[in-house]
Amino acid sequence: MAAASSTAVERDLVNQFHHSLDMAMQMNEDRDLAADEPLSISMLPEALIGEILSNLSDARDLAKAALVNSSFRRSSAYVKYVSHICRLKNILKPPGEASVHVVPFKETLLNVVNNLKCVERLRFEIEDDVQANRFKEDVLEKNSLWLSEGPYLEKWLPRVGDTLQHLTLIDYGQQAIFQTTPLLQLLSVHCKQLRHLELRNMFLNTNDCGKFNKLDTLNLRCVKLLENGLQDINECMPKLETVTLVTVVGLKRAVFKSACLKVLCLGLATKVTAVKLHVPILHKLQLKMACPDELKVFAPGLLALALSMNKRNDAVIEFEGVNKLKELLMGASEISTLKKLSLANRTLERVFLDVPCLHFDDTGKFKGVRNPSPTALPLMEDIITCCATLQVMSVGPGLWYALEQDMSSRAGITYPKWSSMKQLILHLVVENAELSYGLLARLVTAMVDTLHTLEVYVHKDSKVGPECFLRLHQEFPSIWPASLKDRAKIEVVLQVSFLGEYGIWLRPLLMMEAQGQITLFDRREMKRYLSGQCPLIVVDLGEKS
C-alpha cells in the first residue's frame, strides 16, 4: 500500500511539472539515453526538484514527498517555500489514546527548518480553531505554542537568514501577547535579505533594532507595540512601500515620515493623542481609529482615502496638500471632513459613505440599531452640496438608515437635483419596505437626468418578501422620463446579500487587492463578507447622449 501511495505521489508531481522535465531533457541532452528509456523525475537536478517541491501547499506534503525516494528526500532541502499550520489535532491526543505520542508543534518546525538550505519564503501559523481555545495546563504546557519566544527563535532564524525574503508568523495570541518578543531585533541581525514581513498576535519589542534595508512590505495584525513603536519601525525600516497595521494596540502617538511609502493602512484599537503622517508619494491611505486630538496628513500624491473616524469638535484634522483624490470612503456620522475634502478635491470620482449606527455580530447577522445611536446624522441635501460634481456614490446600510429616519421625520421631503451622478450603489437593511421604496424613489428622482446605473444590495436579514420585488420590477421604470423607458434594463434577483458592518468598504479595498498592492482584510474575512452577495436590482439606462 505504501509503495502504491509513493508511486501516485511521484506520478502526480511528474504530470504537474512536465515543463520541468522538458528543461531536464535539454540539460541532459548529452547523455546517451536509450530511445525507449522511460522519463523519470529523478533525472532532474536536486535544485530543480526543490523548485518543484516548493509548490506543495504544506510541510506535511513535503514530508510525504520526501518518503517517495531518496532523490526527493535530498531535494527537499532545496525548496524555496514552506508553509506549516498548527491544527487542533496536532496538539490534542485522540480520545482514548493516552499512549499516543504527539510531537510538539515547535519541535516539528525545528525539524522542518533544520533540513532547509536555501528557503526564501516561510509561513508558520497557529490556526483559528487553536487560537479560540483556552487549554488547560495539563494539555498545553506554558509557552508550548509561543512561536515568537526569543530562545526558540534563536534556534532556527540563523539557519535561514542568508536566503529568507518573506516571513509570515501567526503566533498563539493567548501566550504571545503578554510578553515582549525580540523577533525584530533578531530578524535585523540574521535576515538581511528580508523583503516582506507579516506578523500577528504578538507583543513586539521595537527597541534597539538594526536596519532592514531591503524590507518593503510590513503587515501587523492584532499586535501590541511599545508607546513609540511606530517611530521605531519608521527608523529601522527606511525602504517600506506598503504598511498595514490592523487592530494594533499600545501606541501613544502615531508618527511616520517616509519618502518611499505608497500604501498605508493604520487601524488602531486604542486611542492615540496624535497622528502625524508625512508621506509625499503615498497613493492609498486607510485610517480606522478613535479620533485623536490632532490628525495631520501631508500626502500630495494621495489618490484614495478610507476614513473610519468620527471627528470631535475640539480635534484638529488637517489633510495638507491632498487635492488629487479620486476615491473617498468615509464611515462617520458627521460630514465636516467630507466637506473639506470635497472642496479641495474636484477630481473626486467615487465616494463611499456609511454611518456607524447599526449593529452586526461577528458573522454579519443584523442585530438592530446601536444604542446609543449617533445624535447628529447627515442630511442628503448636505451630501449633495458637498459632492456636487460627483459621478459615482455608494451608500452603506448605516447611512441608508439615517436617511430613512430623516425622511420619516420630514414629510414630503424632496432632494435638489444632482446633475452629475451617473452610478448609485446602495446597501441596505430593509425594515420597512414602504419607507425604503419611498427613499429610493426620491434619490433616483434627484439624479434622473444623468443616472444610468443603479445597484441595490439588500442584507439577508431584511424584512422583505417577494411582493416588494414584484412592485419594484413593475413600478420602478416609471420614475424615468418616457424618452428613456425604451432603454431601461431592469433585472430583479430574488437573492439578498450577506453584508456586515462597513461591508461597503469591501468594493474599493478589493480593488486594491486585485492590483496586488495591499490586503486590508484577511482573505477568509473577505470571503465571509462576500458570501452570497449579488445585485438585487440592476438598472442600466445607458449613457445619455
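Under our numbering, the letters of the sequence shown match residues 107 to 651, in that order.
For each residue, glycine too, the CB sits at the ideal point set by N, CA and C.
- A distance below 8 Å separates the beta carbons of I276 and E231.
- One alpha carbon belongs to A410, the other to A494, and they sit about 19 Å apart.
- Taking a C-beta distance under 8 Å as the contact criterion, V564 and V536 qualify as a contact pair.
- Across the structure, D555 and S525 are spaced so that their CA atoms are roughly 6 Å apart.
- Going by beta carbons, P522 and A552 fall inside the 8 Å limit.
- Taken in chain order, the unbroken stretches of alpha helix (DSSP H) that lie wholly in the segment 458 to 493 and span 4 residues or more are 486 to 492.
- For Q529, the CB contacts under 6 Å within the same chain, skipping 5 residues up- and downstream, are V498, T559 in chain order.
- In the structure shown, the three-state DSSP call for S500 is strand.
- Note on geometry: alpha-carbon atoms of V361 and V378 lie some 10 Å from one another.
- Contact annotation: L300 and V329 have beta-carbon atoms that are not nearer than 8 Å.
- In this structure, the beta-carbon distance from L383 to V354 does not fall below 8 Å.
- Burial check for P344: the Cβ neighbour count within 10 Å stays below 16, so the residue is exposed.
- Annotation for I519: D512, M513, R548 place their beta carbon closer than 8 Å to its own, counting only its chain and skipping 5 residues before and after.
- Looking at the DSSP output, V352 sits in a beta bridge with R327.
- Only residues of its own chain outside the window of five on either side were considered, and among them K261, W262 have a CB closer than 7 Å to the CB of L216, listed in chain order.
- S448 sits in a helix when the DSSP states are folded into three classes.
- K402 is bridged by DSSP to K382, E424.
- A Cβ-Cβ separation of about 14 Å leaves N334 out of contact with K363 under the 8 Å criterion.
- Linking T323 to G470 through their CA atoms gives a straight-line distance of about 30 Å.
- Boundaries of the alpha helix (DSSP H) around M553: 539 to 553.
- In this structure, the alpha-carbon of E233 lies about 23 Å from that of P257.
- Across the structure, A450 and V457 are spaced so that their CA atoms are roughly 14 Å apart.
- Here DSSP, grouped into helix, strand and coil, assigns I191 to strand.
- Note on P398: 16 or more other CB atoms within 10 angstroms of its CB, so buried under the neighbour-count rule.
- DSSP places K566 in the coil class of the three-state scheme, outside both helix and strand.
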